[in-house]
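Quick note on UniProt numbering: the sequence shown kicks off at 1 and runs consecutively.
Cβ coordinates follow ideal geometry from the N, Cα and C atoms, glycine included.
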Amino acid sequence: MRVLFSSGIIREVSSVEVKPLDFGDGQISGTEIDFLLTTGDNLKYIYSQNVPIEESGQRAIDFVKALYEDGKANFTHEPVEML
Numbered sequence: 001m002r003v004l005f006s007s008g009i010i011r012e013v014s015s016v017e018v019k020p021l022d023f024g025d026g027q028i029s030g031t032e033i034d035f036l037l038t039t040g041d042n043l044k045y046i047y048s049q050n051v052p053i054e055e056s057g058q059r060a061i062d063f064v065k066a067l068y069e070d071g072k073a074n075f076t077h078e079p080v081e082m083l
């Protein structure tokens, strides 16, 4: 699967995982999306704190679903920050 991460940067992705962002206190504070590249590298992003948790979770799930169904997806419009 291919993901456009920014203008001119397309990476081959072997898996994607959406998970709740927990800093260890058991309280969910956001949504994390982790990409495993075919090279073995990992890219981890969190959704902006300006995006409500429910919305960020749904956006991440919708992104992964589109990536799976189409084999390619554009990540450039997601309100995320790299970990």
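The stretch 56-66 and the stretch 26-34 touch, with no fewer than 3 CB-CB distances between them shorter than 8 Å.
The C-beta separation of residue 65 from residue 1 comes to about 12 Å, leaving the pair out of contact by the 8 Å criterion. Straight-line measurement puts the Cα of residue 68 at about 14 Å from the Cα of residue 36. Cβ contact annotation for residue 16 (same chain, cutoff 6 Å, sequence separation greater than five): 35, 64, in chain order. Assignment of residue 57 by DSSP, reduced to helix, strand and coil, places it in the helix class. For residue 64, the three-state secondary structure derived from DSSP is helix.
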